[in-house]
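K.L.:
Each number in this note's numbering comes from the position in the sequence shown (counting from 1) with 1 added on.
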Amino acid sequence: MAPRETKVSIDFGGGSKFTVDVAQLDNLIRGLAEAKTKVEEIGQLAAETSRMTNPPSDEDYSRGAIRQIIERTTAERDGTHTKANQAYAAALDAMIHKLTAARDQYAGTEGANKNKLKPGG
Numbered sequence: 002m003a004p005r006e007t008k009v010s011i012d013f014g015g016g017s018k019f020t021v022d023v024a025q026l027d028n029l030i031r032g033l034a035e036a037k038t039k040v041e042e043i044g045q046l047a048a049e050t051s052r053m054t055n056p057p058s059d060e061d062y063s064r065g066a067i068r069q070i071i072e073r074t075t076a077e078r079d080g081t082h083t084k085a086n087q088a089y090a091a092a093l094d095a096m097i098h099k100l101t102a103a104r105d106q107y108a109g110t111e112g113a114n115k116n117k118l119k120p121g122g
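Structure below.
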């Protein structure tokens, strides 16, 4: 009997597939979930910068610099840290869902195969 295949290929789009050992799927999912949590925490910290209203000095340049830092960090538009963090979190979430679906599909297939081997299955 040939050894059982323990790898699964996952299509993340773009024409290429990612092959992973089934035994590592839970570790990958957990690691990506932790990364997503960190990205969300960074987003919350960035949002808190909107409360930074005191420039380091009272001259126009300092007031303008603080305003630009806040806008580039917290604004909901392309090119800002907020939009980049949101896109990164969404990409991580998509990967988590694909890995979870692959794991669940593999588990379902394995369960069906085991039932076929049982007497009367």
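Built from N, CA and C at the ideal position, the CB exists for glycine as well. All values reported here derive from a predicted model rather than from experimental measurement.
Of the residues V40, E60, G80 and I70, which one's Cα is nearest the Cα of L93?
P.N.:
The shortest Cα separation from L93 among V40, E60, G80 and I70 belongs to V40.
K.L.:
Buried or exposed for L29, please, with buried defined as at least 16 other CB atoms from any protein chain shown within 10 angstroms of its CB.
P.N.:
L29 comes out buried.
K.L.:
Just to confirm my understanding: we take T7, look at its own chain, exclude 5 residues before and 5 after, and list those with CB closer than 8 Å. What are they?
P.N.:
D22, V23 and A24.
K.L.:
DSSP state of G109, grouped into three classes?
P.N.:
If DSSP states are grouped into helix, strand and coil, G109 belongs with the helices.
K.L.:
Quick one: what's T75 bridged to in DSSP?
P.N.:
According to DSSP, which records beta bridges pairwise, T75 is partnered with nothing at all.
K.L.:
For N55, does the count of other Cβ atoms within 10 angstroms reach 16, so buried, or fall short, so exposed?
P.N.:
Under this definition N55 is an exposed residue.
K.L.:
Taking DSSP's pairing of strands, which residues face S58 in a bridge?
P.N.:
For S58, which the question treats as bridged, DSSP gives no partner whatsoever.
K.L.:
Please state whether DSSP places T83 in a helix, a strand or coil.
P.N.:
In this structure, T83 counts as helix in the three-state DSSP scheme.
K.L.:
For the beta strand (DSSP E) that contains T20, what are its first and last residues?
P.N.:
Here the beta strand (DSSP E) through T20 covers K18 to D22.
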